[in-house]
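*Asks:*
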Amino acid sequence: MWHSADFINLSSPAGTVARMLHETASQGHLARDIALAASSLTLGALLVARRWLPELIAQPVQSFLPWLLAPTLLVAAVALATGSRVGLLTVVLPIATWAVLFVPQLVAGPGSETDTGEFRVATQNLGTGGPAPALADVPVVAVQELTDRNRPAVTTTLDPAHPYVATVGTVGLWSRYPLTDIQRLDLGQGWARALRTRMHTPTGDVTVYAVHLGSVRFGDTDSRNRTLRTLSDLIHQDPADRLLILGDLNTASTDPHLSTLTDTLHDARSGFGFTWPSPFPLTRPDHILTRGFTTRAATVLPPTAGGHRATTATLTQSPQDSR
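Counting in our numbering, the sequence shown runs from 1158 upward without gaps.
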């Protein structure tokens, strides 16, 4: 390709200007390529090495990890628009890593059909609001941040179809099935904000934990980590063949800390299943974890006045003798 500099005497004033413009353009392309490559490599590193990041950085990255796709696509768009081969080549790393991490979650289908009993469970952190109206039709419902202020709305919604209730502090469990052996659990917060009970379903007993783990503050996850370790120890020692954890674990599905539970339990969700904040959810601290069940379906309910959206799961279980 011919350039204007080819027709200009480079020793002349006009040639000097042309040479400077050419060098400036080359330097601009180099700076662009460096910026795009650095952005791509940084995004890729956050996706790949998130387990080894300092806690101050790791906690927000792990909580909102799927959203790294947005800046990744922005880098790809800029590289494409400016014709940066370096940018296009390096952005493949975060795109491929994101796809490996999350595409299987998005395309996974429901469990296989069974001939055994099927029932739904749900959990919702109420915040300052009341429960989602649709929870009235869910047989087993756990709630967190139950207070004197929102209790009337909860009882109005859930009491008519849920004759069996267990509450400990600000955590509650409403059930259509009988509840026995209700235990208060202090997971290390200095007060009870969790319970364990045995639920008697038509196809056998189920051990249920309704929990609200310690809160997370920016750069401070000590309370969450301590209560998560205590809960994990309890679960690993629990001999129940069929077990549920329903609650706000203050731990995103993408947070490696959750693996202390999910290494032996199944996370009953579909896709990302974001639940917080309610108006436009960005992460999923609310979980339904199971042992001895197959997830047939999982949904997140529409927003309410509370801080979190409710999440539900339809489960199937195999008959067994009651313990």
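All C-beta atoms, glycine included, are put in the ideal place defined by N, C-alpha and C.
1) Please state whether DSSP places Arg1497 in a helix, a strand or coil.
2) Starting from the C-beta of Asp1390, find all residues in its chain whose C-beta is less than 6 Å away, skip the five residues before and the five after it, and write them out in chain order.
3) Starting from Ala1215, trace the alpha helix (DSSP H) both ways and give me its first and last residue.
4) Can you tell which of Gly1240, Val1260, Val1264 and Thr1229 has its C-alpha closest to the C-alpha of Val1248?
5) Using 8 Å as the Cβ pair cut-off and three pairs as the minimum, do the stretch 1367–1375 and the stretch 1390–1400 touch?
6) With distance defined between alpha-carbon atoms, name the residue in Thr1456, Arg1242 and Ile1252 nearest to Leu1225.
7) Quick one: complete alpha helix (DSSP H) runs, 4+ long, within the stretch 1412–1444?
8) Quick check: the stretch 1458–1478 against the stretch 1277–1290, are there 3 or more CB pairs under 8 Å?
9) Based on DSSP bridge pairs, tell me the residues matched to Ala1299.
10) Is Val1457 helix, strand or coil when you go by DSSP?
11) Could you tell me the boundaries of the beta strand (DSSP E) in which Leu1245 lies?
12) Closest to Gly1428 by C-alpha separation, out of Thr1354, Thr1468 and Pro1436, would be which residue?
13) Excluding five sequence neighbours on each side, which residues of the same chain lie with their C-beta closer than 7 Å to the C-beta of Leu1315?
14) Using 8 Å as the cut-off, can you tell me whether the stretch 1210–1222 makes contact with the stretch 1185–1199, which would need three or more C-beta pairs spanning the two stretches below that distance?
15) Starting from the C-beta of Asp1272, find all residues in its chain whose C-beta is less than 6 Å away, skip the five residues before and the five after it, and write them out in chain order.
16) Let me know if Asp1412 comes out buried or exposed under the rule of 16 or more other beta-carbons within 10 Å of its beta-carbon.
17) Once DSSP output is grouped into helix, strand and coil, what is the label at Ala1256?
18) On the criterion of 16 or more Cβ atoms from any shown chain inside 10 Å, does Ser1241 qualify as buried, or is it exposed?
19) Provide the residue span of the alpha helix (DSSP H) that contains Gln1394, from first to last.
20) Residues in the same chain with beta-carbon distance under 8 Å from Glu1212, minus the five sequence neighbours each way, listed in chain order, please.
21) Could you tell me whether the stretch 1441–1451 touches the stretch 1393–1403, where touching means 3 or more Cβ pairs closer than 8 Å?
22) Run the CB neighbour count on Ile1402, radius 10 Å, all protein chains shown included, and call it buried at 16 or more, exposed below.
23) Given that a residue counts as buried once 16 or more other Cβ atoms are within 10 Å of its Cβ, and exposed if not, what is Pro1309?
24) Beta-carbon within less than 7 Å of Thr1440's beta-carbon, same chain only, minus the 5 sequence neighbours each way: which residues are those?
25) Which of the three DSSP states is assigned to His1369 in this structure?
26) Whose C-beta lies closer than 7 Å to the C-beta of Arg1208 among residues of the same chain, with five residues either side of it excluded?
27) At the level of alpha carbons, what is the spacing between Leu1203 and Ala1256?
28) In chain order, what residues of the same chain have a beta carbon less than 6 Å from the beta carbon of Leu1336, not counting five sequence neighbours either side?
29) Going by the beta-carbon positions, is the gap between Thr1384 and Gly1329 smaller than 7 Å?
*Replies:* With the given structure in hand:
1) Residue 1497 lies beyond the residue range present for the chain, which begins at 1158 and ends at 1480; the question has no answer from this structure.
2) none
3) Glu1212 to Ser1220
4) Thr1229
5) no
6) Ile1252
7) 1416–1419
8) yes
9) Thr1280 and Leu1330
10) strand
11) Unbroken run through Leu1245 is the alpha helix (DSSP H), Arg1242 to Thr1247; no beta strand (DSSP E).
12) Thr1468
13) Pro1288, Leu1292, Ala1293, Val1298 and Trp1331
14) no
15) Residue placement at Asp1272 is poorly supported in this model, since its pLDDT is 49, which falls under 50; the coordinates are not used for a value here.
16) buried
17) helix
18) buried
19) Asp1379 to Gln1394
20) Gly1376 and Thr1378
21) yes
22) buried
23) exposed
24) Ser1220, Phe1221, Ala1409, Phe1431 and Trp1433
25) strand
26) Pro1413
27) 14 Å
28) Tyr1321, Ala1323, Thr1354 and Met1356
29) no
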